[in-house]
Every structure is written in C-alpha cells, then in structure tokens.
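Taken in sequence, the protein lines are chains P and F.
Under the numbering used here, think of the first position of the first sequence as 1, with each following residue one higher.
Under the numbering used here, think of the first position of the second sequence as 196, with each following residue one higher.
For every residue, glycine included, the Cβ atom is placed at its ideal position computed from N, Cα and C.
Below is one structure, written out as structure tokens, with a few remarks after it.
Number of protein chains: 2
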Amino acid sequence: MATRGAYAKGIVKREQILTTALEVIARNGYRHASVRELADAVGLSQAGLLHYFSSKEELFTAILRKRDEVDFATYVAEAGRSAEAFFAVIAHNAEVPGLVRLYAQLSVEAVEADHPAHAYFVERSERFRNAFADLIRAEQAAGHTDAELDPVLAGGLFLAAADGLQTQWLLDPTIDMVAHLRLLWSLVTSGRTDS
Amino acid sequence: MATRGAYAKGIVKREQILTTALEVIARNGYRHASVRELADAVGLSQAGLLHYFSSKEELFTAILRKRDEVDFATYVAEAGRSAEAFFAVIAHNAEVPGLVRLYAQLSVEAVEADHPAHAYFVERSERFRNAFADLIRAEQAAGHTDAELDPVLAGGLFLAAADGLQTQWLLDPTIDMVAHLRLLWSLVTSGRTDS
DNA sequence: GTCTATATCGTGATAGAC
DNA sequence: GTCTATCACGATATAGAC
C-alpha cells in the first residue's frame, strides 16, 4: 500500500494472474506447460503474460509457490500442523491433476543446478522434510513412536512417498494416494493397517 | 538365429546401440533427452540413429527396457528376488545419474494416456508393485510381518518411495536412497531403525 | 498495458546422395 | 547403412504499434 500506484497495480495483476492460472491449470487443461497455452487460458496473449513474468520458469515457479501458499492457508489453518492437514492437502491434490502434473514436470526439469526453479525445489524439499520430521518428533515425545527412529530420515521418506505417489497416480488415477500415505504414517507411529 | 542375415544384423546393431547408449547416458552426459544429443554420444548422426529406431519415444523406451533387463540379470541373478537385490539396484542407480534422470523425465511425459511410452510405465509399475507385494507376503508367511498389512498397498508404497527418492536424489545427491528404503523395509517388517 | 508480428532457436522426422 | 541437408513445427522471447 505504500508503493506507487502503477507498481502496486502490477503486483495486483500478477496476483490475479496467478490465482486464475491456479484455477485453470487445476481443472485439468493443458499438456505442455507452455506459456502460450497458459496465456490463452488466462485470457492474455503470450506476450501480454510475459509482460508480468519475465520468463517461463519464473512464471511457473510463481504458480507453484502460490499453490503452496494457498494450500498452507487452507489446510494448515484448518487442521494445524498435523498429519491430517497433510493428508487433506494430498486428498485435494487428487482434485487438481493439472497442478500435480505441472509440479512433477517442473521438479524433474529443475534438477539441473542452474535451472531457475532449482532453488525453489531444494528449499521446498527441505521445508517439507523438516515439517515431517517435526511431526514425528512430536509422536516420539508423546510416546507413540519408537524413540530410535531417525525423524529426518523418516521425514524424507514421507516426502519421497508423496512425490512418487503423484507420478503413480498420474499414470493410474485409481491409485489412492492418501491410503498409501496413511499406511506409511501408521507404520511410523507403530500402528498397523488400521486407520 | 533363424532369421535372415540382414535382418539379424539390424537386430544386433540395435542391441549394440542400446548397450552403448546405456553406458554413455549412465556416466552422466546429457540434459535434454533429445535424439541429437544421444546420437552424438553413441557416434552416429541423428538420422543414422533414427534409422534403427523409428521415433524418439521408441528409442528411449527401448533404452529403459534394456536397463531393466540388465539390472534384473545382474542383481536378481546375484541375490534372488529379495529386498537385498532391490537395494542393490537402487545403490547402483546412485552411480548412473543420467539414467535416473532419463527415467524420471520420460515417466512424467508418459503420464498422458496416448504417449508411446505410457504402456511401458503402466506395465512396469504393476510389475514392481506386485514384486514388492510378493516379498511382503513372504515375510508375512514367515511370521516376520503383521498379517493384517495389505501387501499390494505396501508394495505401492515401496514403488512410490523408490521413484520419489530418485527425484530427491537428483535434486540433492547427498540423499541416501538406500538408507531411506531400508528404513521403510524395517518399518514394514516390524523391525525399527536398526539395519 | 496489451497487442500483433517476428526473430531465433531446438526439436523430430524425412529426402536423397553415396 | 549412414551421411548431409532440409523441412515443418512449436517453443520462448522481443520489437514496436497502439
């Protein structure tokens, strides 16, 4: 609000574009994750869209950041930092195949160290691994989980399983991502197959 | 051996190309999984390479099939159908980043139902999920694992974790894929963090 | 601020010489 | 059987009009 009018307006438009992009990608849509395809979807020309985001990678990274932000605000606000909040995010993912696909696609492209989205994925991985580790430590503190279990290793396992399940699910949408992750959670918390 | 000379020779050359491609991709190499890039690497022109494989997707799918075949012959022959054989394959993967990357890249592209490699990945997923399920059933039969555990669900979890760990590892090569999977195995077989 | 038009590049695939 | 040369396409990015 302290910024100049024109500049602030640009920011607002950027946000609007991201919000629209999220909706439109989520529903399904598009195959190639190209700027033109997304431009059509949000009602701008390709050049018009790149007026707000200076490159393709910046655009798509911004979309994924926005998604994280929205998911966090929606599900963590609702259920707190809990395994249930995490399951709710995953269950939601099953409703937004286009986003899942964009994430999978970009995450593979970004393994190259000099890819513009590399830092985003590294940072995100670390954040999620630590978040899972914290959940596990809480279970350990409550005496529900073996104290010998390495929380960071187990946290990495959750992250990997969540990512891998997305690819499996894209390949075969009858796969139940949440059921798999609940199983993993029950194994970690020393429960068994019962939910 | 019962085939005509010229035809058999073509087959042999195809195999040679695949073997060379495996070596050359494995070591590291190339970024874009393009035909031209691979052609340079195996010492052919792009057109020359496509003389043996009629499309890009056929070529790369053939490479991944060959990889599966070689891995199976190497590690399953050595350790039988066991968790250890599986860990050995994963440990080997950490030596061949280029192949891991090709796999990750193609598996995401192939989620589209009409992609030429779609059937390969669907079939492969099923095969691995079932193989893991069999391992778990054997543990259950031996009384090492909770009989209530759903073997197919747990098998899917292994597959997803293995896939997801590859992306994590590509992003950050200090990740120990085998350690994560051993942890999962120990959780499934009711052991804990001890190997 | 947004458009049309275009420059430039990399891709897979093909034609045709040798 | 393998090459060089080329085509057709789709991509990102940019120039410049309005």
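Measure the beta-carbon distance from LEU376 of chain F to PHE267 of chain F and round it to whole angstroms, keeping in mind my assumption that it falls under 8 Å. Translated into the one-based positions of the second sequence, residue 376 of chain F becomes position 181. Translated into the one-based positions of the second sequence, residue 267 of chain F becomes position 72. Not really, about 18 Å apart at Cβ, beyond 8 Å.
Taking a Cβ distance cut-off of 9 Å, strictly less, list which residues of the segment 16 to 36 of chain P are near chain F, in chain order. ARG31
Closer than 9 Å, CB to CB, is SER302 of chain F near chain P or not? Start at 1 with the first residue of the second sequence, and residue 302 of chain F comes out as number 107. It does; some Cβ of chain P falls within 9 Å.
Would you give the residue range spanned by the alpha helix (DSSP H) that ASP146 of chain P belongs to? Position 146 of the first sequence holds residue 146 of chain P. Premise fails: ASP146 of chain P is in no alpha helix (DSSP H) and is neither H nor E.
Using a Cβ-Cβ cutoff of less than 8 Å, which residues in the same chain neighbour TYR315 of chain F once the five nearest sequence positions on both sides are dropped? Locating residue 315 of chain F in the second sequence gives position 120, where the first residue counts as 1. Around TYR315 of chain F: THR256, LEU259, ARG260 and ALA305.
If you check the beta carbons only, do ALA26 of chain P and VAL108 of chain P fall under 9 Å apart? Locating residue 26 of chain P in the first sequence gives position 26, counting from the first residue. Locating residue 108 of chain P in the first sequence gives position 108, counting from the first residue. No, the Cβ-Cβ distance between ALA26 of chain P and VAL108 of chain P is not below 9 Å.
Which residues bound the alpha helix (DSSP H) around ARG67 of chain P? As a first step, residue 67 of chain P must be located in the first sequence, where it is residue number 67. Taken as a continuous stretch (DSSP letters only), the alpha helix (DSSP H) holding ARG67 of chain P covers 56 to 71.
Report yes or no: do the segment 43 to 58 of chain P and the segment 8 to 28 of chain P share at least 3 C-beta pairs separated by less than 8 Å? yes
Proximity of ALA160 of chain P and THR362 of chain F at Cβ, strictly below 9 Å: Counted from its first residue, the first sequence places residue 160 of chain P at position 160. Counted from its first residue, the second sequence places residue 362 of chain F at position 167. Yes, the Cβ-Cβ distance between ALA160 of chain P and THR362 of chain F is below 9 Å.
Less than 9 Å between CB atoms is the rule here; does GLU290 of chain F satisfy it with respect to chain P? Within the second sequence, residue 290 of chain F is the residue found at index 95, counting from 1. Output row for GLU290 of chain F: interface = no.
What number of angstroms, rounded off, separates the C-alpha of ALA228 of chain F from the C-alpha of GLU57 of chain P? Along the second sequence, one-based indexing puts residue 228 of chain F at 33. Along the first sequence, one-based indexing puts residue 57 of chain P at 57. C-alpha separation (whole angstroms): 19 Å.
Taking the straight line between their C-alpha atoms, what separation do you get for ASN325 of chain F and ARG81 of chain P? The residue labelled residue 325 of chain F in the question sits at position 130 within the second sequence. The residue labelled residue 81 of chain P in the question sits at position 81 within the first sequence. Between ASN325 of chain F and ARG81 of chain P, the C-alpha separation is close to 34 Å.
Show which residues of chain P have a CB atom less than 8 Å away from the CB atom of GLU318 of chain F. One-based indexing of the second sequence puts residue 318 of chain F at position 123. Those within 8 Å of GLU318 of chain F in chain P number zero; the least Cβ separation is about 10 Å.
What's the C-alpha gap between GLU146 of chain F and SER385 of chain F? This structure cannot settle anything about residue 146 of chain F, because the visible part of chain F is limited to 196 through 390.
Would you mind giving the Cβ-Cβ distance between ALA185 of chain P and ALA83 of chain P, rounded to the nearest angstrom? I have them listed as a contact below 8 Å. Taking the first residue of the first sequence as position 1, residue 185 of chain P is located at position 185. Taking the first residue of the first sequence as position 1, residue 83 of chain P is located at position 83. Checking the sequence, you will find Trp at residue 185 of chain P rather than Ala. Right, the Cβ-Cβ distance comes to about 5 Å (below 8 Å), so this counts as a contact.
So is PRO368 of chain F buried or exposed if we call it buried at 16+ other beta carbons inside 10 Å? For the purposes of this step, residue 368 of chain F is taken as residue 173 along the second sequence, with counting starting at 1. Result: exposed.
My assumption, with CB atoms under 8 Å, is that ALA280 of chain F sits in contact with ALA274 of chain F. Please give the rounded CB distance. Stepping through the second sequence from its first residue, residue 280 of chain F is reached at position 85. Stepping through the second sequence from its first residue, residue 274 of chain F is reached at position 79. ALA280 of chain F to ALA274 of chain F, Cβ: 4 Å. Contact.
For ILE90 of chain P, return the contacting residues in chain F, with the cut-off set at a CB-CB distance below 9 Å. Numbered from its first residue, the first sequence carries residue 90 of chain P at position 90. Residues of chain F passing the Cβ test: none, with the nearest at roughly 12 Å.
How many Å lie between PRO311 of chain F and LEU301 of chain F at the Cα? Taking the first residue of the second sequence as position 1, residue 311 of chain F is located at position 116. Taking the first residue of the second sequence as position 1, residue 301 of chain F is located at position 106. If I take the Cα positions, the gap works out to 10 Å.
Residue range of the alpha helix (DSSP H) that includes HIS375 of chain F: Position 180 of the second sequence, counted from the first residue, corresponds to residue 375 of chain F. 372 to 383 is the span of the alpha helix (DSSP H), which, as asked, contains HIS375 of chain F.
Does the Cβ of ALA77 of chain P have 16 or more other Cβ atoms within 10 Å, making it buried, or fewer, making it exposed? Here the question's residue 77 of chain P lines up with position 77 in the first sequence. Exposed, since its Cβ has fewer than 16 Cβ neighbours within 10 Å.
Taking the alpha-carbon positions, what's the GLY350 of chain F to THR340 of chain F distance? Residue mapping note: residue 350 of chain F aligns to position 155 of the second sequence, counting from 1. Residue mapping note: residue 340 of chain F aligns to position 145 of the second sequence, counting from 1. The alpha-carbon atoms of GLY350 of chain F and THR340 of chain F are separated by roughly 13 Å.
What does the Cβ neighbour count give for GLY43 of chain P, buried or exposed, with the cut at 16 atoms within 10 Å? One-based indexing of the first sequence puts residue 43 of chain P at position 43. By the neighbour-count rule (16 or more Cβ atoms within 10 Å), GLY43 of chain P is not buried but exposed.
LEU344 of chain F to THR214 of chain F span [Cα, whole Å]: Here residue 344 of chain F refers to the residue found at position 149 when the second sequence is read from its first residue. Here residue 214 of chain F refers to the residue found at position 19 when the second sequence is read from its first residue. Straight-line Cα distance between these residues: approximately 40 Å.
Residue-chain proximity (HIS339 of chain F, chain P), Cβ-Cβ < 9 Å: By one-based count along the second sequence, residue 339 of chain F stands at place 144. Not an interface residue.
Between which two residues does the alpha helix (DSSP H) harbouring ARG81 of chain P extend? Position 81 of the first sequence, counted from the first residue, corresponds to residue 81 of chain P. Careful: ARG81 of chain P lies outside any alpha helix (DSSP H) and carries neither H nor E.
If the cut is a Cβ gap below 9 Å, which residues of chain P does ARG260 of chain F touch? Along the second sequence, one-based indexing puts residue 260 of chain F at 65. Chain-ordered listing is empty here: chain P has no CB closer than 9 Å to the CB of ARG260 of chain F, the nearest sitting near 17 Å.
Could you confirm whether any beta carbon from chain F is found closer than 9 Å to the beta carbon of ASP134 of chain P? On the first sequence, residue 134 of chain P is found 134 positions in, with the first residue counted as 1. ASP134 of chain P is outside the set of residues whose beta carbon lies under 9 Å from a beta carbon in chain F.
What would DSSP say about ILE206 of chain F, mapped onto helix, strand or coil? Position 11 of the second sequence, counted from the first residue, corresponds to residue 206 of chain F. Correct three-state label for ILE206 of chain F: helix.
Taking 9 Å as the CB-CB cut-off, is VAL205 of chain P touching chain F? Residue coverage of chain P in this structure runs from 1 to 195, which leaves residue 205 of chain P outside it and unanswerable.
Mind checking which residues open and close the alpha helix (DSSP H) that includes ALA349 of chain F? Position 154 of the second sequence holds residue 349 of chain F. Segment 346 to 366, the alpha helix (DSSP H) holding ALA349 of chain F.
Distance, TYR7 of chain P Cα to HIS287 of chain F Cα: The sequence position of residue 287 of chain F within the second sequence is 92, counting from 1. The sequence position of residue 7 of chain P within the first sequence is 7, counting from 1. The alpha-carbon atoms of HIS287 of chain F and TYR7 of chain P are separated by roughly 52 Å.
What do you reckon, are the CB atoms on LEU382 of chain F and LEU135 of chain P nearer than 9 Å? In the second sequence, the residue the question calls residue 382 of chain F occupies position 187. In the first sequence, the residue the question calls residue 135 of chain P occupies position 135. No, these two residues do not count as a Cβ contact at 9 Å.
Are TYR30 of chain P and GLU37 of chain P close, meaning C-beta to C-beta below 9 Å? Position 30 of the first sequence, counted from the first residue, corresponds to residue 30 of chain P. Position 37 of the first sequence, counted from the first residue, corresponds to residue 37 of chain P. The answer is yes: Cβ separation under 9 Å.
Determine the contact status of HIS313 of chain F and LEU171 of chain P, defining contact as a CB-CB distance below 9 Å. By one-based count along the second sequence, residue 313 of chain F stands at place 118. By one-based count along the first sequence, residue 171 of chain P stands at place 171. Yes.
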